[in-house]
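Here is the structure:
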């Protein structure tokens, strides 16, 4: 499967170049520019939230 991108139209080559440039930088999801969201951060936030919830629930 040889991609002969150099035989495509000029417009298609520009689009391919834009796609290649875009894939060079990783996508990051941030929470209000405070922290980068990841599975580890999500787990920590969830664990802390459940701890607070359990503590508040015990006061009833």
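In the working numbering, the protein residues as written are 251 to 310.
Virtual Cβ for every residue (Gly too), placed ideally from N, Cα, C.
Treat the numbers as computed from the prediction; the structure is a model and nothing was measured.
If you follow the alpha helix (DSSP H) that residue i is part of, which residue opens it and which one closes it?
i, result
"residue 262", "260 to 272"
"residue 297", "289 to 308"
With DSSP as the reference, please indicate the residues paired to residue i in a beta bridge.
i, result
"residue 286", "280"
Please name the residue, chosen from the options, that lies closest to residue i on a Cα-to-Cα basis.
i, options, result
"residue 280", "274, 289, 252", "289"
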